[in-house]
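There are 2 protein chains.
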Amino acid sequence: MYSVEELQGIVNAEIKNRSEGLKKLNPANLYRPVEYSIEIGGKRLRPVLLLLSYNLFSEDIKNALPSAIAIEVFHNFTLLHDDIMDNAEVRRNQPTVHKKFDENSAILSGDAMAFLAYKFILENKSERLVDVIELFSKTAIEVCEGQQFDMDFEKRLDVSESEYLEMIRLKTAVLLACSLKAGALLANAGTEIANKLYNFGINLGLAFQLQDDLLDSFGDQKKFGKRIGGDILANKKTYLLIKTLEAATGTDKTNLLNWIKKENFIEEEKISAIKNIYNQLNIINIIQQKIDFYFHESCKILQEVSIEENKKQPLLILCNQMLKRNY
Amino acid sequence: MYSVEELQGIVNAEIKNRSEGLKKLNPANLYRPVEYSIEIGGKRLRPVLLLLSYNLFSEDIKNALPSAIAIEVFHNFTLLHDDIMDNAEVRRNQPTVHKKFDENSAILSGDAMAFLAYKFILENKSERLVDVIELFSKTAIEVCEGQQFDMDFEKRLDVSESEYLEMIRLKTAVLLACSLKAGALLANAGTEIANKLYNFGINLGLAFQLQDDLLDSFGDQKKFGKRIGGDILANKKTYLLIKTLEAATGTDKTNLLNWIKKENFIEEEKISAIKNIYNQLNIINIIQQKIDFYFHESCKILQEVSIEENKKQPLLILCNQMLKRNY
Chain A
80 MYSVEELQGI VNAEIKNRSE GLKKLNPANL YRPVEYSIEI GGKRLRPVLL LLSYNLFSED
140 IKNALPSAIA IEVFHNFTLL HDDIMDNAEV RRNQPTVHKK FDENSAILSG DAMAFLAYKF
200 ILENKSERLV DVIELFSKTA IEVCEGQQFD MDFEKRLDVS ESEYLEMIRL KTAVLLACSL
260 KAGALLANAG TEIANKLYNF GINLGLAFQL QDDLLDSFGD QKKFGKRIGG DILANKKTYL
320 LIKTLEAATG TDKTNLLNWI KKENFIEEEK ISAIKNIYNQ LNIINIIQQK IDFYFHESCK
380 ILQEVSIEEN KKQPLLILCN QMLKRNY
Chain B
80 MYSVEELQGI VNAEIKNRSE GLKKLNPANL YRPVEYSIEI GGKRLRPVLL LLSYNLFSED
140 IKNALPSAIA IEVFHNFTLL HDDIMDNAEV RRNQPTVHKK FDENSAILSG DAMAFLAYKF
200 ILENKSERLV DVIELFSKTA IEVCEGQQFD MDFEKRLDVS ESEYLEMIRL KTAVLLACSL
260 KAGALLANAG TEIANKLYNF GINLGLAFQL QDDLLDSFGD QKKFGKRIGG DILANKKTYL
320 LIKTLEAATG TDKTNLLNWI KKENFIEEEK ISAIKNIYNQ LNIINIIQQK IDFYFHESCK
380 ILQEVSIEEN KKQPLLILCN QMLKRNY
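Residue numbers (the numbering used here), protein chains in the order written: chain A, 80 to 406; chain B, 80 to 406.
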C-alpha cells in the first residue's frame, strides 16, 4: 500500500521523465509551453487520487501511471486555457503560459495537451480502456461546460446557490470523481464500487472548490499561489458572493452592488471593501459549514465502499490535507 | 455503392441532426458557437473520404457515420482555433467564430469540439475502435505540430522546400490520410490496405494543400470563401513564396524582400506587387507541376489497393473535384 507522499513522488518523477521526452520533440514552440505548464507543479491531486483509488484494488500501480499523468496533463491544459480567458498573469507563483510565451502558443500548446492526454491513456491496454476513454471524454466536456457557466455567471447578479453548485460540480468536482473512478476501472473493479468512488469524488470536489473560493479571498497569497482577491475583482459569483447577496440588506447591499457595478476603482480598495462586507455578515462561517457538509458526505460514501478500512487510510489522509489548507 | 453527392447529402443531414441535438444543450454560450462552426458548411471532404473508404469494404455506412462526423467536428475545431491565431475575420464567406461571438467563447467552444469528436467516435463499437482512437489522437497531435510550424515559418525567410512539405503534411495531409485509414479500420480491412489508403491520403493532401496555397493568391474570392491574398499579407511561407525566394534575382529579389519587411503598406498594393513577381517568374507553372506530381502519386497508390477498380470510382471522382477548383 502506497502513502500519499510516495505517490506524489512517483507522479512527479514520471512527469519529469515525460517532460524530458517532450524536450526532444519539435516544434519547440509547441512543446516548450507544454513542459513549462506540466513541470510547474502543484499538488498533483488528480493523478494521486487516481493511483490511490487503483491501489485500493491492486498493488501494481505502474499500470495506472500513464492514465494518472494523462489526467494531470488534461488538468494543466484547462488551467492554461482558463488563464487566457481570465487574463490571469500568475499561476502557482509563476507567470502564466500566455504571459511567459504568447497567447497563440498558449492556445495551441493547450490543444496539443488535450490530445497528449488521450495518447497517454492509450498506453494502458486494460480491458476497461474504452470505458476509461468514455469517462474521460464525458468529463472533459463537462469541465468545458463548467468553465462556460463560470464565465456566464460573471455577468449575472441573480445566480442561485443551486446554479453555483452545479457549476462547480462541472468545473471542479467531476474531474476529481473521474480520477477516482478511472483508477477503479483500470484495476477492473466492479461498476458499483467504481460509481461509489465517483460520488465520493463529487462531494470531495464540491468541498474542495468551496474552500478554493474561500482561499481566493481570505488565503495567504504565498501558499495559495495566485493573487488574493482575483475572484472579487472579476465579480465571480462565488459561494461567498452569492450568500452575501442573499444576506445583505440596507447600506451593505447598496455598497456591495455599487462595488460590483463600478468600472473605475483602485483594486485593493474593492477587495478590502468586499471582504469587509463578507466579514460583517459572517460569511466565512456559512461557507465553512457548507465545506464541512460536503466533506462529511464524502466520508459517508467512502465508508460504504466495501473495502477493508485500513486500505482507505491514504485516501482519507489526502482528503484531510486537501481541506486543511491554511488561511 | 454510394456516390460522392449521396455521401455529402448523408453527412450534411447527420450534421444538421446533431446540430439540433446540440441546440438543446446548456450552456448556450458554449454550444451556439459549436453549432455555428459545424453548420456553416464546406465540402465535408474529410467525412466523405472516410465514408468512401469504408464503402470500399462495406455497404453499411451508418456504422461509420459517427466517426465521419467526428473528423469533421475536429477539422472545424482546428479552423476555429487557427482563425483566432491568424486573427482571420472571414471563413467560408461568414464571420469567423471569434468575430461572430468572442475570443473566449471561440477558445472554449473549440476545446469542447475536440472532446465532442472523441464522444462521437466512441459511439461506434467496432472491434478496431481503440485503433481508430489511437490513429485519431496521433493525427490530432500532428495537426497541432503542423500549425505551429506554419506560425514559426511566418517569422523566417529561410524555410526550405522540404521543411514546407513536412509542415503541410502535418497541417493538412495527415487528417485526410487519417480519414481514409479510419474508414478502412472501421470496416475491419487489413492493416496493409489501410496503410495504403493512408499513403494515398498523404499524397492527395499534399496536392490539395499546394492547390490551396495557389488559390489563396490566385483564386476567386467568392468560390474560395476567404480573402484572396491573406497568405501574402501574413508573409506565410507558401510554396509560391519559397520557390519565388529561390528563383528571384536582382531587383525582383530586392523588391520581394522589401515587401516582406515593410510594416506600413496598403494591403492591396502588397498583394498585387507580390503576385506580379510570382507571375514574372512563372511560379504558377512550377506549383502546378508539383500539384500534378502528388496527384499522380496518389493515383498510383490507389491503383495498388487490391479492390475492384469500379469500387474506387467515387473516390477518384472526389479527388478530381478536389483538385479542379477554378482559379
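Every residue gets a Cβ at the ideal spot worked out from N, C-alpha and C, and that includes glycine.
Quick caveat, the model's predicted, so the values are computed rather than measured.
Closest Cα partner of residue i within the set the options
{"i": "Leu335/A", "options": "Glu387/A, Lys260/A, Leu294/A, Lys354/A", "result": "Lys354/A"}
{"i": "Lys234/B", "options": "Glu346/B, Val127/B, Ala313/B", "result": "Ala313/B"}
{"i": "Ile150/A", "options": "Met164/A, Val253/A, Ser205/A", "result": "Val253/A"}
{"i": "Leu294/A", "options": "Glu182/A, Leu402/A, Glu213/A, Ser239/A", "result": "Leu402/A"}
{"i": "Leu249/A", "options": "Gly284/A, Glu240/A, Lys275/A", "result": "Gly284/A"}
{"i": "Glu114/A", "options": "Thr330/A, Asn91/A, Ser205/A, Leu395/A", "result": "Asn91/A"}
{"i": "Asp237/B", "options": "Ala191/B, Gly304/B, Lys315/B", "result": "Lys315/B"}
{"i": "Glu348/B", "options": "Ile307/B, Thr317/B, Leu159/B", "result": "Ile307/B"}
{"i": "Leu265/B", "options": "Asn358/B, Asn134/B, Leu124/B, Asn96/B", "result": "Asn134/B"}
{"i": "Glu118/A", "options": "Ser82/A, Ile380/A, Leu159/A", "result": "Leu159/A"}
{"i": "Gln290/B", "options": "Phe374/B, Glu240/B, Ser184/B", "result": "Phe374/B"}
{"i": "Ile366/A", "options": "Ile339/A, Asn389/A, Thr323/A, Glu383/A", "result": "Thr323/A"}
{"i": "Pro145/A", "options": "Leu214/A, Arg97/A, Glu168/A", "result": "Arg97/A"}
{"i": "Leu244/A", "options": "Tyr357/A, Ile89/A, Leu131/A, Ile281/A", "result": "Ile281/A"}
{"i": "Gln226/B", "options": "Asp231/A, Asp190/A, Lys204/A, Glu224/A", "result": "Asp190/A"}
{"i": "His154/A", "options": "Asn203/A, Ala143/A, Asn108/A, Phe215/A", "result": "Phe215/A"}
{"i": "Phe297/B", "options": "Lys340/B, Ala286/B, Tyr357/B", "result": "Tyr357/B"}
{"i": "Val152/B", "options": "Val83/B, Ile339/B, Phe199/B", "result": "Phe199/B"}
{"i": "Cys398/A", "options": "Ser137/A, Phe279/A, Pro106/A", "result": "Phe279/A"}
{"i": "Asp161/A", "options": "Thr328/A, Arg125/A, Phe228/A, Ala143/A", "result": "Phe228/A"}
{"i": "Glu202/B", "options": "Asn142/A, Asp210/A, Ile370/A, Ile148/A", "result": "Asp210/A"}
{"i": "Ala326/A", "options": "Ser351/A, Thr317/A, Leu360/A", "result": "Leu360/A"}
{"i": "Glu224/B", "options": "Arg111/A, Gly269/A, Thr251/A, Thr330/A", "result": "Arg111/A"}
{"i": "Leu394/A", "options": "Leu101/A, Ala107/A, Ser116/A, Pro126/A", "result": "Pro126/A"}
{"i": "Ala107/B", "options": "Thr333/A, Thr330/A, Met230/A, Asp331/A", "result": "Met230/A"}
{"i": "Glu85/B", "options": "Arg123/B, Gly100/B, Leu381/B", "result": "Arg123/B"}
{"i": "Phe372/A", "options": "Phe287/A, Asn337/A, Ile350/A, Thr317/A", "result": "Phe287/A"}
Cross-strand partners of residue i (DSSP beta bridge)
{"i": "Val169/A", "result": "Pro174/A"}
Element boundaries [alpha helix (DSSP H), containing residue i]
{"i": "Met75/A", "result": "Because chain A spans 80 through 406 in this model, residue 75/A falls outside it and cannot be assessed."}
{"i": "Ile186/B", "result": "182–200"}
{"i": "Lys332/B", "result": "329–340"}
{"i": "Met80/B", "result": "Element bounds for Met80/B: n/a, residue is neither H nor E."}
{"i": "Pro126/B", "result": "124–134"}
{"i": "Ala143/B", "result": "No alpha helix (DSSP H) contains Ala143/B, which DSSP labels as neither H nor E."}
{"i": "Arg207/A", "result": "Where Arg207/A is concerned, there is no enclosing alpha helix (DSSP H), given that its DSSP letter is neither H nor E."}
{"i": "Pro106/A", "result": "Taken as a continuous stretch (DSSP letters only), Pro106/A belongs to no alpha helix (DSSP H), as it is neither H nor E."}
{"i": "Thr323/A", "result": "318–326"}
{"i": "Lys301/A", "result": "300–303"}
{"i": "Phe279/B", "result": "270–297"}
{"i": "Asn355/B", "result": "346–359"}
{"i": "Arg379/B", "result": "Correcting the residue type first, residue 379/B is Lys in the shown sequence and not Arg. Counting along the chain, the alpha helix (DSSP H) containing Lys379/B begins and ends at 362–383."}
{"i": "Glu240/A", "result": "240–247"}
{"i": "Ile311/B", "result": "309–312"}
{"i": "Ala261/B", "result": "253–265"}
Contact set between residue i and chain C, taken where Cβ atoms lie within less than 8 angstroms
{"i": "Pro106/A", "result": "In the displayed structure, chain C is absent; the protein chains listed are A and B."}
**Asked** What are the residues of the segment 223–241 of chain B that lie near chain A, defined by any Cβ-Cβ distance shorter than 7 angstroms?
**Response** For the segment 223–241 of chain B, which is checked against every Cβ of chain A, the residues closer than 7 angstroms are Cys223, Glu224, Gln226, Gln227, Phe228, Met230, Asp231.
**Request:** Pair every Cβ in the segment 258–267 of chain A with every Cβ in the segment 219–226 of chain A, then say whether three or more of these pairs are closer than 8 angstroms.
**Result:** Taking a cut-off of 8 angstroms for Cβ pairs, the segment 258–267 of chain A and the segment 219–226 of chain A do not touch, as fewer than three such pairs fall below it.
**Request:** Below 7 angstroms between beta carbons is the criterion; list the residues of the segment 164–196 of chain A that meet it against any residue of chain B, in chain order.
**Result:** Under the 7 angstroms Cβ criterion, the segment 164–196 of chain A contributes Met164, Asn183, Ile186, Leu187, Asp190, Ala191, Ala193, Phe194, Leu195.
**Prompt:** What residues in the segment 128–160 of chain B have a beta carbon less than 7 angstroms from any beta carbon of chain A?
**Reply:** Those would be His160, in chain order.
**Item:** Near-chain B residues of the segment 196–207 of chain A (beta-carbon distance less than 8 angstroms), N- to C-terminal order
**Value:** Going along the segment 196–207 of chain A in chain order, one finds Tyr197, Lys198, Leu201 with a Cβ nearer than 8 angstroms to chain B.
**Message:** Taking contact to mean 3 or more Cβ pairs, one atom from each stretch, closer than 8 angstroms, check whether the segment 164–179 of chain B and the segment 164–174 of chain A are in contact.
**Reply:** They do not touch, by the three-pair rule.
**Request:** Please name the residues in the segment 107–124 of chain A whose beta-carbon is closer than 8 angstroms to at least one beta-carbon of chain B, in chain order.
**Result:** Of all residues in the segment 107–124 of chain A, Asn108, Leu109 have a Cβ within less than 8 angstroms of some Cβ in chain B.
**Interface residues of the segment 321–353 of chain A facing chain B [CB-CB below 9 angstroms]** = Within the segment 321–353 of chain A, no residue has a Cβ that lies closer than 9 angstroms to any Cβ of chain B.
**Asked** Is the segment 177–186 of chain B close to the segment 194–201 of chain B, with three or more CB pairs under 8 angstroms?
**Response** With the cut-off at 8 angstroms, the segment 177–186 of chain B and the segment 194–201 of chain B do not touch.
**Message:** Please list, in chain order, the residues of the segment 253–283 of chain B that have any C-beta partner in chain A closer than 8 angstroms.
**Reply:** From the segment 253–283 of chain B, no residue has a Cβ closer than 8 angstroms to chain A.
**Prompt:** Which of the residues in the segment 82–108 of chain B, read from start to end, lie with their CB under 9 angstroms from any CB of chain A?
**Reply:** Here the close residues are Leu104, Asn105, Pro106, Ala107, Asn108.
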